[in-house]
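Residue -4 is where the sequence shown starts when you use the numbering used here, and the numbers rise one by one after that. Ideal Cβ positions, reconstructed from N, Cα and C, are used throughout, including at glycine. Here the structure is a predicted model, which means the values were calculated and not measured.
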Amino acid sequence: MNASQPTGENGDESEEEEVVAADGTIIKLPRKRFFRQRAHSNVFSDHDLVYPIHPGLMDWSGHYPAFFSGKAAADKMVTDTEESDATAVVFRPPPDLACLNTDLNSLASTDPRVEFADIGCGYGGLSIALAKMFPDRLVLGMEIRVKVTEYVRRKIEALRLKEPGSYGNVSVMRMNAMKFLPNFFYKGQLTKMFFLFPDPHFKRRKHKARIITSTLLGEYAYALAVGGLLYTNTDVRDLHEWMVKHLDAHPLFERISDEEMNADPVLPLIMHSTEESIKVARNAGDKFPAVYRRLPDPADA
């Protein structure tokens, strides 16, 4: 039997591929084909998700144990349905609710915090690449599809075992960022946000479900720090023009020049690291990147 094609107890091909780490440890990496799921998910449905009512109640220690020592936990959580899905990430708030009166600036400057958010992270190619390029920054992938999220979670766990000391700064959660982004991030917490190859929702009646809209840009501007960057990329020209039109019209975003974009070390990642970008390149398709900077609020200018 080939080592790259392990079989399960019943002779079926395994969901995991065994690889040998440098120290001889056998690491099990998930096989992507066992975690395929339809590309579309209804963002307006009440998916079975768990989320904090305030960013101050979010305990990140389970996502980034190398960076967090953990917090005292209470049991009460808020869900958007009556029962919690077994695959959902569980967030446990501390009992001291004084954090509800805090903002980002009041937190200790040494407190670790998520800075990069990969919205609709898919199979995690960008999130993992960012973690490697920026080992001192916390990267979070947010994905609404259950099986895809599980794939990324298993892959990150395997990579942490394969390369001890690496990838402790990246994690993933199953979440609908179009509904609950402000529940996780303080105002101005993020320095980079990524929207790569989002669902184009071609039908006009579905345009309201696109990830970039005038309303949602207000929420993204809230979470993104002044001077922070919002990255988009797609192989659908119509969607690219839609995103550019809405971002150009928003008073809190300004498109950076092509010269500045091409000099950004992140550009190769948004062009080549995701599964969709690799697929587009394989089919000799076009890609349409655009990067926007968060401007100061008018009252602060």
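Between Y118 and V134 the beta-carbon gap is near 15 Å, outside 8 Å, which marks them as no contact. By the Cβ criterion, the segment 206 to 222 is in contact with the segment 235 to 252, since at least three pairs of Cβ atoms, one from each stretch, lie closer than 8 Å. A Cβ-Cβ contact shorter than 8 Å links Y226 with V261. Going by beta carbons, I265 and L176 fall outside the 8 Å limit. Contact between D233 and D281 does not hold, since the beta-carbon distance rounds to 12 Å and is not under 8 Å. Pairing Y59 with S161 gives a Cβ-Cβ distance that is not under 8 Å. Per DSSP, the beta bridge partners of L225 are M188, Y287. D292 and L156 have their C-alpha atoms some 43 Å from each other.
DSSP, read as helix, strand or coil, puts R199 in helix.
DSSP places V261 in the coil class of the three-state scheme, outside both helix and strand. Across the set A218, H196, M168, K198, the C-alpha of A218 shows the shortest separation from the C-alpha of T186. For E158, the three-state secondary structure derived from DSSP is coil.
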